[in-house]
């Protein structure tokens, strides 16, 4: 690009309002369009001078033994250059801006007019019916959801290199990757911890034993790795328990980044349940895990529960929310089994536009002082994942709710076995549309839907967030 073209581009840039509002801290003065034009003139003159000198050098070659020129720049020129440099170095062009490292958050807070934690008991209603298309107008707007699904299909058809290039351009935090950790989930937890201070939750719950936590469905163990690394750097005690599907890559202790002399396998125990699979959707595994943790903590329970809820690659990426309903329910069920009063719960989910997801979220709203839904900056914008933050559990170990959620899970198990018989096990689990085509049944509600939707504050909150994440 020629200097003239560069000036034209700069003119367009520097004359925009956005540029003038750009904040900086630098000892280099902001660019000036007149200085740029002067640079063009100087560049033109220097090019002319070089051309002239090159012609002269071809006509008059210097003698190999010629003496070096004794020319030196005048003192006036040197002092002028020196003064110019000093003037720039001594002056700071400052326009402060706070670099955004926090995700804007909107809390749904329980107040004096909120329903009580046990109010759901009169409205417990497990509905099993033939699968039918989801009514997205309940918690969002169907037109917006359809546009999102169309956009996702278009992205899925892109060449891999184009998709990666676009993904990197859409989110500068993509460059962070997994940083020094074994998995990018550790980076996401780090960004959330910087904002919500999870790693010091034991101070809120007044736990003299240091932070005690549980980690569900984390696969590699990124959440655990970050939390142990963080607490060890702070020279504070931490210990945890986790359950994830057993495999070659679950809880990769040997690859975890920890300070010298620390051994994460001594501070964290992986529990795989009765059948040894680590499947959190198995009710007996949940009970065995809860019994183990409560015994290890002398009945105290844990301060923090982390639930990554990662789905395997066999699932349809277009309808992750539908595929994650049972796992989401079981992670919530497991949390209520072991989280102490005042504790915090972090749950990953995939969209929240179906009524069943809304009912699960409403249960959390009834039992925690405040909840929020957000995407960490390290989360890819095109991904459906987001995180539910639940702070200050008001009622610990709620037996009636735990029993109800176990009953819900048994319904999921019965329907899953019938779906497996009707659908090839070599294919992904059918989504709602495929279930409807096959005439299969599904769990559509776990609470009375009309009762949940009558809470206008809750519904307005979910709809607003779904609109926000749908538009951006």
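Numbering (UniProt numbering), first residue to last: 1 to 472.
Glycine residues also receive a C-beta, built at the ideal position from the N, C-alpha and C atoms.
Small disclaimer: the values here were computed from a predicted structure and weren't measured.
- DSSP places residue 408 within a helical segment (H, G or I) once states are collapsed to three.
- DSSP, read as helix, strand or coil, puts residue 432 in helix.
- In the DSSP assignment, residue 239 falls outside any alpha helix (DSSP H) and within the unbroken beta strand (DSSP E) covering 238 to 243.
- Judged by beta-carbon spacing, residue 321 lies beyond the 8 Å limit of residue 291, meaning their Cβ atoms are not closer than that value.
- No residue range can be given for residue 180, since it is assigned to no alpha helix (DSSP H) and is classified by DSSP as neither H nor E.
- Judged by beta-carbon spacing, residue 124 lies within the 8 Å limit of residue 404, meaning their Cβ atoms are closer than that value.
- The stretch 204 to 213 makes no contact with the stretch 359 to 368, as fewer than three CB pairs between them are under 8 Å.
- When DSSP assignments are scanned along the stretch 279 to 356, the uninterrupted stretches of alpha helix (DSSP H) that are 4 or more residues long and fall wholly within it turn out to be 283 to 296, 320 to 323 and 325 to 338.
- Residue 185 is classed as buried because its beta carbon has at least 16 other beta carbons within 10 Å across all chains shown.
- Cβ contact annotation for residue 439 (same chain, cutoff 6 Å, sequence separation greater than five): none.
- When DSSP states are grouped into helix, strand and coil, residue 370 belongs to the strand group.
- Distance check between residue 269 and each of 234, 224, 235 and 144 places 224 closest, using alpha-carbon atoms only.
- For residue 401, the closest alpha carbon among the candidates 241, 333 and 433 is that of 333.
- Judged by DSSP in its simplified three-state form, residue 126 adopts strand.
- By the neighbour-count definition (other C-beta atoms within 10 Å, threshold 16), residue 384 is a buried residue.
- Taking 8 Å as the cut-off, the beta carbon of residue 131 is found closer than this to the beta carbon of residue 432.
- Apart from the 5 residues on each side of it in sequence, residue 396 sits with its Cβ closer than 6 Å to the Cβ of 340 and 341 in its chain, given in chain order.
- Distance from residue 221 to residue 243 at the Cβ level is roughly 11 Å; contact not present, criterion being Cβ atoms closer than 8 Å.
- Fewer than three pairs of CB atoms, one per stretch, sit closer than 8 Å, so the stretch 405 to 418 makes no contact with the stretch 371 to 391.
- When DSSP states are grouped into helix, strand and coil, residue 463 belongs to the helix group.
- In the DSSP assignment, residue 201 falls within the alpha helix (DSSP H) that extends over 201 to 204.
- Nearest Cα to residue 448 within the set 363, 389, 103 and 331: 363.
- Between residue 349 and residue 301, the C-beta gap is not smaller than 8 Å, which leaves the two residues out of contact.
- Between the alpha carbons of residue 113 and residue 140 lies a distance of about 25 Å.
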